[in-house]
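Engineer: Please see the structure below; I have some questions.
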Amino acid sequence: MAKLLGSRTALVVTSIAVVVAAALLTRYGQKQALVIGVITGAGYGLVALGLVLIYKSSGVFNFAQGEFGTVAVYTLYGVHDLAGVPLVPAMLVGLAASAAMALATEQIVIRPLFNAPRVALLVATAGVSLLAISLELWLGEARLRFIQPALGRLDRISVFGIQVSDQRLLVLAALLMLAVLLGLFFSRTNVGLAILGVSQEPVATELMGISVRRLSSFTWALTGLLAGIAGMLTAPVVGSFGPGFLTSTSLIPAFTAAVLGGMTSLPGAFVGGVVVGVAQSLAVSAPAFKEIPGPGAVMVFVILVVVLAVRPQGLLGKTS
Amino acid sequence: MSLDEGVDAPPVVEQSDAVAEPIIVETPPPFRPSVLGWVARGLVLVAVAAVVVLVPATASNVDVLRYSQAVIYAIIGLSLNVLLGYTGQISLGHQAFVGIGAFTSAYMVTVHGQPFIAAVGMAMVVGGLQALFLGAVSLRITGLYFALVTLAYGTMAEESLFNIQSLTGGSAGQPAPKPAGFTTDLRYYYLCLAFLALVIWVDWRLMKSKGGRALSAIRENPRVAATFGTDVKVYTLMAFVVAGVFAGLGGALLAHNDTFVVRDLFNFQLALVFVIMTVIGGLRNRAGVVIGSAFFALVGHFFEKLFHNGLDLPVLKVLPKEYAPIVIGPMLLLFTLTRHPGGIGQQIRPLQRWLRGGRFSFKDTHDSEVRVSDVRA
Amino acid sequence: MSVLEVRGCSIRFGGVQAARNVTLRAGEWEIVGVIGPNGAGKTTTFNIITGFYRPNEGTVWFKGRDITGLGVHERTALGMGRTFQNVGLVKSATVRENLLTAQHLEAGYSALEGMLGLPHTFVAERRLDQRADAVAGILGLGDLLDTRVAGLPYGVLKRVELGAVLATDPDLLLLDEPTSGMGPEEAHAFGATLLELRREFDLTVVMIEHHVPLVAQVCDYVYCLNFGELLAEGTPDQVRSNPEVIRAYLGQEADEVLEAS
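Protein chains in written order, with the working numbering: chain C, 1 to 320; chain P, 1001 to 1377; chain G, 2001 to 2261.
See below:
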């Protein structure tokens, strides 16, 4: 059952589906939805990258990925909007916050549970996520905060005749750049190769003089950074945020994207994100789905179930 | 020769006609409590029963509502324990089962004018059906991926199913009046207690019979379970249905306890609270799960009694009682997972053994880990 | 009439042909040995017989019935019992619980009735308990009934597993290396036990074995596999003096073969 779709067939089918969806959206005048779908998908891809990174290196489903990002946004807001620090340093502080949270999670939660069954780790990261949300609710209050896009112009370029805001372009550009950088990092640098290697052969890696512990910390910090970037870029696009922001908007689509792309494939996360974003956009804006409440969530759920039923290793992943 | 030959004879193990060299083990004579020992045990049980039955009788109405919620949470915890503890399947969307049960019951009473018992029954059926669907999905998808599916299901329910106006009354919610004959909060509490007793009975008999043994085998080693004659698929589905039925019941009781159901209640945080309370309670330990669940329902309540307007921490803001469970919960969870994986159940095990007529000793409290049948994705 | 017939079964995994055209049969009350070097496809054949693998070609017949499409638990229901190389038991449970779990199909009530706690289920449970006591008694495990399986030594585990399989009330017993880890005296004692069990329970046995003296002691017929194919078959004497068989084993257990002949 698992290999119902051969790898080439799967790619072909998905590409056709995406092209068809895009064509449908354009044909029925939903170009806006298509463009937004790609951008939102880019955001999902950013979060998914972090998820796949952790999964590849330590086999853990990191539930708290969304909250690493939300914490960055709250920090950014507090430092920039409330305390008046200029934007760029404020963003760096935000990144530091998410990286710190990720590191703290690794030290306090992941390390002690290293030999526990994987599910204990899943529940533990879920606990971290809930703790973060609860602290946001308590300290940050349950209301929405409004955040301005960093780049103000809404009509710098138009794609297919649709105005695309600078902020949205920024998200897309960030994802592409990160995808390329990470690709190079993991295939060219020693550290990157070591991270990929440590999950397969921790003993060999240790013997080569690389500290597995340090590598693990580094990986988690990197994931925290990725989440922070995702959060701080996405919030201004949405325009507002509240407790659990990135988790409630992006975690499940990001998981779906990671699964679709293949949980062990970094480029897959990127591709998966865009596909999920477009599909979700189609579901939300297509007139056919008007009667169904919450069509976006339904579409994401359907994609997840279909992928897991038909080709669990995703488009680009390898069978374990 | 058949194994049934010695069946009506007294159950003495005849090792004289063994075909293999008997393995002799030095076992100390079994411990038998004295009469005083049995009296002491009886008194403890009576005391517990007294607290459960009498304390709410002297409490204010608001408090009784909270106590009912504790009982209902215990039912929900036991339902999640069937999935997480007995079968080893992770459900991160349990709030959807409970929520759909709640709305079904409210819908049946308010929109269709059905009596309480029919509405609750329908909620249980719907709960079972949903669970059956997810169970079928779980047969194809391994443990950790299945957790994601349940999470996505919960979110989908939250954003899609719970937005069906007719079912849920939209943002205004759906009324769910208490049943005739149990209109006072106290009487409703006793009704919930009766349902909890029923759930505990079924759970107990399940684990003491072939169904429960099959689940334990499936959880630990499905190939061995199959070799022992268990249809792994059927019994996995059975576990899901049982969990779904209990969850639907919990949801229905919850709806009528609040006399109003609002969809905002059944969110991701609630799903995690359910998982946390079951894990902290201690998987596969009934009493532990009941205590853990009740604790979570009541923690806000105790918090209020202790700190009145909220915990005033230096520098930080005041912690209001509404957020107490979700702040304390994860911390307790992380503590439990890293230090005491057996949870509350592990701690009370000596007491449980004593109550059953054993010696009171702290030895051999083995951890019941959070163990899933297929740990790789 | 043969109890078990494997007719030309083949299976391949990826690029590996794990079994090719394997044919063997076991007649009623026979003890059939399956020998061969490691990796010869013996356990694979067992997995095909018991339903863990579905063969790409060939069929499996049990008591005159084609069971190739049946699931594992269905074959247990028909009377097939099987042990595993790494001991198939519920390790976290006690010996008694394992013996009770193994009697799943003998329970006499449905799962639903069990969970509702209907009166007759209590009686049925008592009966299962007594049957568990009887099995334990037969194998000398009486003192260990309430011991958790996980801590027991390997040899004892194999005995408990045998008990569990007997509790499923089988007609055919498939034993995968039942004497691994045993020395020559223990293996010989096991042989005597096996003959006794066959007599008491009317069993047919198919046994994967490496202990050549044991095979000579109890087996009526022997099949030798190598590289997934049938290399030789016959009585124990015929097989162990077969030069092909000796050659196949030469890298592994030449001493045993030479010593026994």
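Glycine is no exception: its CB is placed at the ideal position from the N, C-alpha and C atoms. Being a predicted model, the structure only gives us computed values, none of them experimental.
What residues from chain P crowd round residue 297/C, counting only those whose CB sits closer than 9 Å?
Structural biologist: Under the 9 Å cutoff, chain P gives 1152, 1155, 1156, 1157, 1158, 1159 and 1160.
Engineer: Nearest CA to the CA of residue 2197/G: which residue from 2025/G, 2181/G, 2208/G and 2167/G?
Structural biologist: For the residues 2025/G, 2181/G, 2208/G and 2167/G, the minimum Cα distance to residue 2197/G belongs to 2167/G.
Engineer: Assuming residue 1161/P is part of the beta strand (DSSP E), what are its boundary residues?
Structural biologist: Here residue 1161/P belongs to no beta strand (DSSP E), and DSSP marks it neither H nor E.
Engineer: Please list, in chain order, all residues of the same chain as residue 128/C whose beta carbon is under 8 Å from its beta carbon, the five residues on each side excluded.
Structural biologist: 63, 64, 67, 105 and 109
Engineer: Does the CB of residue 293/C have a neighbour CB from chain P at under 8 Å?
Structural biologist: yes
Engineer: Can you check the segment 2189 to 2232 of chain G for any alpha helix (DSSP H) of at least 4 residues that lies completely inside it and give the ranges in chain order?
Structural biologist: 2212 to 2218
Engineer: Does residue 2156/G come within less than 8 Å of chain P when only Cβ atoms are used?
Structural biologist: yes
Engineer: For residue 1195/P, name the three-state secondary structure that DSSP assigns.
Structural biologist: helix
Engineer: Residue 1164/P CB to nearest chain C CB: under 8 Å?
Structural biologist: Answer yes: the Cβ-Cβ gap between residue 1164/P and chain C drops below 8 Å somewhere.
Engineer: Using CA atoms only, rank isn't needed, just tell me which of 1346/P, 1321/P, 1279/P and 1021/P is closest to residue 2294/G.
Structural biologist: Here chain G has residues from 2001 to 2261 only, and residue 2294/G is not among them.
Engineer: In this structure, does DSSP put residue 2090/G in helix, strand or coil?
Structural biologist: Residue 2090/G carries a coil assignment under DSSP once its states are collapsed to helix, strand and coil.
Engineer: Can you check whether the C-beta of residue 1357/P is within less than 8 Å of a C-beta belonging to chain G?
Structural biologist: For residue 1357/P, the answer is no, since every Cβ of chain G falls outside 8 Å of its Cβ.
Engineer: Can you check whether the CB of residue 134/C is closer than 8 Å to the CB of residue 1326/P?
Structural biologist: In this structure, residue 134/C lies closer than 8 Å to residue 1326/P by Cβ.
Engineer: Would you check if the segment 2079 to 2088 of chain G and the segment 2173 to 2182 of chain G touch, i.e. whether three or more CB-CB distances between them fall below 8 Å?
Structural biologist: Counting C-beta pairs with one atom in each stretch, the segment 2173 to 2182 of chain G and the segment 2079 to 2088 of chain G have three or more that are closer than 8 Å, which means they touch.
Engineer: Going by the beta-carbon positions, is the gap between residue 984/P and residue 1157/P smaller than 8 Å?
Structural biologist: There is simply no residue 984/P to check, as chain P begins at 1001 and stops at 1377 in what is shown.
Engineer: Can you list, in chain order, the residues of its chain whose CB lies under 7 Å from that of residue 1092/P, leaving out five sequence neighbours each side?
Structural biologist: 1147, 1150, 1151, 1154, 1271 and 1275
Engineer: Could you tell me the boundaries of the beta strand (DSSP E) in which residue 107/C lies?
Structural biologist: No beta strand (DSSP E) contains residue 107/C, which DSSP labels as neither H nor E.
Engineer: Identify which residue in 1073/P, 1123/P and 1141/P has its Cα closest to the Cα of residue 309/C.
Structural biologist: 1141/P
Engineer: For the candidate residues 1242/P, 1165/P and 1048/P, whose alpha-carbon lies nearest to that of residue 1124/P?
Structural biologist: 1242/P
Engineer: Classify residue 1305/P as buried or exposed, calling it buried when 16 or more other Cβ atoms lie within 10 Å of its own Cβ.
Structural biologist: exposed
Engineer: Reducing DSSP to helix, strand and coil, say where residue 1008/P ends up.
Structural biologist: Confidence at residue 1008/P is low in this model, with a pLDDT of 46, below 50, so the placement of that residue should be treated as unreliable; the coordinate-derived value is given next. Coil at residue 1008/P, not helix or strand.
Engineer: Starting from the beta carbon of residue 2143/G, find every residue of chain P whose beta carbon is closer than 9 Å, and list them in chain order.
Structural biologist: Simply 1013, 1015, 1022, 1023, 1024, 1025, 1026 and 1027.
Engineer: Going by other Cβ atoms of all chains shown within 10 Å of its Cβ, with 16 needed for buried, is residue 2057/G buried or exposed?
Structural biologist: exposed
Engineer: Go ahead and label residue 2001/G buried or exposed: buried means 16 or more other beta carbons lie within 10 angstroms of its beta carbon, across all protein chains shown.
Structural biologist: exposed
Engineer: For residue 1231/P, return the contacting residues in chain G, with the cut-off set at a CB-CB distance below 7 Å.
Structural biologist: 2073
Engineer: Are the CB atoms of residue 124/C and residue 113/C within a distance shorter than 8 Å?
Structural biologist: yes
Engineer: Hey, how far is the Cα of residue 2263/G from the Cα of residue 2081/G?
Structural biologist: The displayed coordinates of chain G run from 2001 to 2261. Any statement about residue 2263/G would go beyond what the structure contains.
Engineer: Can you tell me where the alpha helix (DSSP H) holding residue 2019/G begins and where it ends?
Structural biologist: Looking at the DSSP string, residue 2019/G is not in any alpha helix (DSSP H); the run it does join, the beta strand (DSSP E), is 2016 to 2027.
Engineer: Excluding the 5 residues flanking residue 1362/P on each side, which residues of the same chain have their C-beta closer than 7 Å to its C-beta?
Structural biologist: Setting aside the 5 residues that flank it on each side, residue 1362/P is surrounded in the same chain by 1350, each with a C-beta closer than 7 Å to its C-beta; the list follows chain order.
Engineer: With a 10 Å radius around its C-beta and 16 neighbouring C-beta atoms as the bar for buried, classify residue 301/C as buried or exposed.
Structural biologist: buried
Engineer: In the DSSP assignment, find the unbroken beta strand (DSSP E) run with residue 2062/G in it and report its ends.
Structural biologist: Per DSSP, residue 2062/G belongs to the beta strand (DSSP E) from 2057 to 2062.
Engineer: Pick out the complete alpha helix (DSSP H) segments inside the segment 2105 to 2170 of chain G, 4 residues or longer, and give them in chain order.
Structural biologist: 2111 to 2116, 2119 to 2138 and 2154 to 2167
Engineer: Taking C-beta pairs closer than 8 Å, name the residues in chain C that residue 1048/P reaches, listed in chain order.
Structural biologist: The premise fails here: residue 1048/P is roughly 29 Å from chain C at the closest Cβ pair, so nothing lies under 8 Å.
Engineer: Under three-state DSSP, which class holds residue 1093/P?
Structural biologist: coil
Engineer: Using DSSP with H/G/I as helix, E/B as strand and the rest coil, what is residue 2186/G?
Structural biologist: DSSP, reduced to helix, strand and coil, places residue 2186/G within a helical segment of the structure shown.
Engineer: Would you please verify whether the beta carbon of residue 2018/G is less than 8 Å from any beta carbon of chain P?
Structural biologist: no
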